[in-house]
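Residues in the sequence shown are numbered from 55 upward in steps of one, following our numbering.
Note that CB positions come from ideal geometry on N, CA and C, so glycine has one too.
Fair warning: this is a prediction, and the values are worked out from it, not measured in the lab.
Written below as structure tokens is the structure these notes are about.
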Amino acid sequence: MGVVRTIVFPALRLLVWALIAVALLYIAFVRGSGEDTEAAASPSAVVDPPAAAVVRGDVTNTVSLQGSIQADPATTVKATATGVVGKVRAEVGDDVEKGTPLFTVVVTTEPPPATDPLAPPAAPTTRTVTVSATVPGTLATLDVLPQQAVTVGDAVASVSPGTLTVSAPMTQAQQFRLLQPPSTARVTVPGGPGTFECTDLRTGTPATTPATPDPDAGYVDPYADPSSAMTGATVSCAVPAGVQVFAGLSATVDVTAGSATGVLLAPVTAVQGSVGTGTVWLVADDGAQVETQVSLGLTDGQNVEITQGLEEGQQILQFVPGTDTPAGQPGGGMYGMGY
Numbered sequence: 055m056g057v058v059r060t061i062v063f064p065a066l067r068l069l070v071w072a073l074i075a076v077a078l079l080y081i082a083f084v085r086g087s088g089e090d091t092e093a094a095a096s097p098s099a100v101v102d103p104p105a106a107a108v109v110r111g112d113v114t115n116t117v118s119l120q121g122s123i124q125a126d127p128a129t130t131v132k133a134t135a136t137g138v139v140g141k142v143r144a145e146v147g148d149d150v151e152k153g154t155p156l157f158t159v160v161v162t163t164e165p166p167p168a169t170d171p172l173a174p175p176a177a178p179t180t181r182t183v184t185v186s187a188t189v190p191g192t193l194a195t196l197d198v199l200p201q202q203a204v205t206v207g208d209a210v211a212s213v214s215p216g217t218l219t220v221s222a223p224m225t226q227a228q229q230f231r232l233l234q235p236p237s238t239a240r241v242t243v244p245g246g247p248g249t250f251e252c253t254d255l256r257t258g259t260p261a262t263t264p265a266t267p268d269p270d271a272g273y274v275d276p277y278a279d280p281s282s283a284m285t286g287a288t289v290s291c292a293v294p295a296g297v298q299v300f301a302g303l304s305a306t307v308d309v310t311a312g313s314a315t316g317v318l319l320a321p322v323t324a325v326q327g328s329v330g331t332g333t334v335w336l337v338a339d340d341g342a343q344v345e346t347q348v349s350l351g352l353t354d355g356q357n358v359e360i361t362q363g364l365e366e367g368q369q370i371l372q373f374v375p376g377t378d379t380p381a382g383q384p385g386g387g388m389y390g391m392g393y
């Protein structure tokens, strides 16, 4: 036992410590060498950005807008003479035509000063002026009474045309798509009559643009697509006579501003730019990405017509570099449209 304790056990302890030292040296100088580090740092796979082919197809530029039915504003009738109201000839609710008499104004004119101080004073003269409706419609208001004094320019009545208009606001992107709007649109009123065609389509822009954001406008998402912001511009068209709708109802307005068949198409996500000209990234045979200028035509919101700059079958990046790709694609997430 003395030999085991004094010789064997110490020898075993030295052997164990030696094995531990060898293992540490192996980890430090072999496993941690530059070759293994370089191999570990190399990616196991390279993911190429998705590409899309330029194809031929059909495109229809139809913009769908959410709006409402509105009553056309009444026309104000103003007094055309200064005097006293004589006879009222119409009542609120009457159907009137242009030129229908509404009331009369008695105008009194004082005589000029007499040249002969002994002569009796001359009596004032009077004449009657008739104030008439200026447009056809229904008399909405009549704010005069007999013997009431009125002055030229006073608002004394209003005539409602009895017609309706469909009006819908536009986003920035929709406004660019309707630079050359047609004269008609298709309107659908939920729960109402079938889809009908409205006429005299017009686009309007705001008279003024606010210099600073409205602090009471609520939260504005800083990451929202700027093209989805409302600009204040609207699309409006006249509801034809005989269509049974009412002011205040919601409506969907579909405006078709052109179509083309058998044209070159590219995804809107692949194009940077929206009107006239844009930029795409052409994928060359060697995989290089070549920035290429193109001319743009119609779009349906998904594809855009390429009128110049590309040929059928060429491969382009499906998404503008620097934008995210949709979920399910490599590096997925919300994507920003280039068009």
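Practice task
Would you identify the three-state DSSP class for leucine 233, choosing helix, strand or coil?
Solution key: Counted from its first residue, the sequence shown places residue 233 at position 179. Residue state, collapsed to three classes: coil.
- Query: Where do the N-terminal and C-terminal ends of the beta strand (DSSP E) with threonine 253 fall, by residue?
  - Reply: Translated into positions along the sequence shown, residue 253 becomes position 199. Element bounds for threonine 253: 250-258.
Practice prompt. State the CB to CB distance for the pair valine 7 and cysteine 252, rounded to an integer number of angstroms; the pair is presumed to be in contact (CB under 8 Å).
Written response: What the structure shows of the chain is the stretch from 55 to 393, and residue 7 is not part of that stretch, so it cannot be assessed.
Report task. To the nearest angstrom, report how far apart threonine 130 and valine 206 are at their CA atoms. Result -> Counted from its first residue, the sequence shown places residue 130 at position 76. Counted from its first residue, the sequence shown places residue 206 at position 152. Spanning the two alpha carbons is a distance of roughly 14 Å.
So what does DSSP say about threonine 162, is it helix, strand or coil? Here residue 162 refers to the residue found at position 108 when the sequence shown is read from its first residue. Strand.
| task | Determine, using beta-carbon pairs with one atom in the stretch 242-252 and one in the stretch 319-327, whether at least three such pairs fall under 8 Å. | result | no
For this session: Alpha carbon to alpha carbon, how far is glutamine 226 from threonine 192? Give it in angstroms, no decimals.
Result: Here residue 192 is taken as the residue at index 138 of the sequence shown, counted from 1. Here residue 226 is taken as the residue at index 172 of the sequence shown, counted from 1. So the two alpha carbons sit approximately 38 Å from each other.
Under a Cβ-count criterion, where at least 16 other Cβ atoms within 10 Å of its own Cβ denotes burial, should glutamine 229 be classed as buried or exposed? Translated into positions along the sequence shown, residue 229 becomes position 175. Glutamine 229 should be labelled buried.
### serine 237 classed as buried or exposed, judged by whether at least 16 other C-beta atoms fall within 10 angstroms
Translated into positions along the sequence shown, residue 237 becomes position 183. Answer is exposed; the Cβ neighbour count stays below 16.
In this structure, does DSSP put leucine 350 in helix, strand or coil?
Sequence index remark: in the sequence shown, residue 350 carries index 296 (1-based). Three-state DSSP puts leucine 350 in a strand.
Using a Cβ distance threshold of 8 Å, determine whether the stretch 156-176 contacts the stretch 104-118, with at least three qualifying pairs required. no
Determine which residues share a DSSP beta bridge with glycine 332 and list them.
Within the sequence shown, residue 332 is the residue found at index 278, counting from 1. Answer is Val348.
(message) Suppose contacts are defined by Cβ-Cβ distances below 8 Å. Is alanine 222 in contact with valine 297 by that definition?
(response) What you label residue 222 is simply residue 168 of the sequence shown in a count that begins at 1. What you label residue 297 is simply residue 243 of the sequence shown in a count that begins at 1. The answer is no: Cβ separation not under 8 Å.
>> I need the boundaries of the beta strand (DSSP E) containing valine 309, first residue and last residue.
In response: Within the sequence shown, numbered from 1, the residue matching residue 309 stands at position 255. Counting along the chain, the beta strand (DSSP E) containing valine 309 begins and ends at 304-321.
task = From the DSSP output, read off the bridge partner residues of glutamate 359.
result = Position 305 of the sequence shown, counted from the first residue, corresponds to residue 359. Note: glutamate 359 sits in a beta bridge opposite Leu319.
Query - C-alpha gap between alanine 107 and serine 328, whole angstroms - result: Against the sequence shown, residue 107 aligns to sequence position 53. Against the sequence shown, residue 328 aligns to sequence position 274. Computed Cα separation, rounded: 19 Å.
| task | With a 10 Å radius around its C-beta and 16 neighbouring C-beta atoms as the bar for buried, classify leucine 73 as buried or exposed. | result | Position 19 of the sequence shown, counted from the first residue, corresponds to residue 73. Classification of leucine 73: exposed, given that the 10 Å Cβ count is below 16.
In the DSSP assignment, find the beta strand (DSSP E) that holds lysine 152 and state where it starts and stops. Here the question's residue 152 lines up with position 98 in the sequence shown. Lysine 152 -> no beta strand (DSSP E), and no H or E assigned at all.
Roughly how many whole angstroms lie between the Cα atoms of leucine 371 and valine 337? Position 317 of the sequence shown, counted from the first residue, corresponds to residue 371. Position 283 of the sequence shown, counted from the first residue, corresponds to residue 337. Approximately 7 Å, taken between the alpha carbons.
Work out the CA separation of glutamine 202 and proline 167 for me, nearest whole Å.
-> For the purposes of this step, residue 167 is identified with residue 113 of the sequence shown, where counting begins at 1. For the purposes of this step, residue 202 is identified with residue 148 of the sequence shown, where counting begins at 1. Rounded to whole angstroms, proline 167 to glutamine 202 spans 28 Å at the Cα level.
CA-to-CA distance, leucine 233 to alanine 287, given in whole angstroms
In the sequence shown, residue 287 corresponds to position 233, counting from 1. In the sequence shown, residue 233 corresponds to position 179, counting from 1. Straight-line Cα distance between these residues: approximately 12 Å.
Range of the contiguous beta strand (DSSP E) that encloses glutamine 369 | Position 315 of the sequence shown, counted from the first residue, corresponds to residue 369. Per DSSP, glutamine 369 belongs to the beta strand (DSSP E) from 369-371.
**Prompt:** What are the boundary residues of the beta strand (DSSP E) that glutamine 124 is part of?
**Reply:** Numbered from its first residue, the sequence shown carries residue 124 at position 70. 109-125 is the extent of the beta strand (DSSP E) around glutamine 124.
task = Decide if the stretch 132-149 is in contact with the stretch 305-321; the criterion is three or more beta carbon pairs, one per stretch, under 8 Å apart.
result = no
Inset, instruction - Starting from leucine 218, follow the beta strand (DSSP E) in both directions and report where the run begins and ends. - result: Against the sequence shown, residue 218 aligns to sequence position 164. Taken as a continuous stretch (DSSP letters only), the beta strand (DSSP E) holding leucine 218 covers 218-225.
Determine, using beta carbons only, whether threonine 154 and serine 122 come nearer to each other than 8 Å.
Along the sequence shown, one-based indexing puts residue 154 at 100. Along the sequence shown, one-based indexing puts residue 122 at 68. No, Cβ-Cβ distance for threonine 154 and serine 122 is not below 8 Å.
Near threonine 114, which residues of its chain fall below 7 Å by C-beta distance, leaving aside the five closest residues on each side in sequence? Sequence index remark: in the sequence shown, residue 114 carries index 60 (1-based). Excluding residues within five positions, the ones whose Cβ falls inside 7 Å are Thr310, Ser313 and Asp354.
May I ask you to report which of helix, strand or coil DSSP gives alanine 194?
Within the sequence shown, the letter at position 140 stands for residue 194. It is a strand residue.
Relative to the C-alpha of proline 215, which candidate in Gly341, Val293, Ile81 and Tyr80 has its C-alpha closest? What you label residue 215 is simply residue 161 of the sequence shown in a count that begins at 1. Comparing Cα-Cα distances from proline 215 to each of Gly341, Val293, Ile81 and Tyr80, the minimum goes to Val293.
Per-residue burial, tryptophan 71 [other beta carbons within 10 Å of its own, 16 or more giving buried]: If you number the sequence shown from 1, residue 71 lands on position 17. Burial call: exposed.
For threonine 134 and threonine 184, I'd like the C-alpha separation in whole angstroms. Position 80 of the sequence shown, counted from the start, is the residue given in the question as residue 134. Position 130 of the sequence shown, counted from the start, is the residue given in the question as residue 184. Each residue's alpha carbon lies about 8 Å from the other.
*Report the option in Thr136, Asp197 and Thr315 whose CA atom is closest to the CA atom of leucine 156.*
For the purposes of this step, residue 156 is taken as the residue at position 102 of the sequence shown. The option with the nearest alpha carbon to leucine 156 is Asp197.
- Task: Could you spell out the range, first to last residue, of the beta strand (DSSP E) harbouring alanine 211?
- Result: Here residue 211 refers to the residue found at position 157 when the sequence shown is read from its first residue. Here the beta strand (DSSP E) through alanine 211 covers 209-214.
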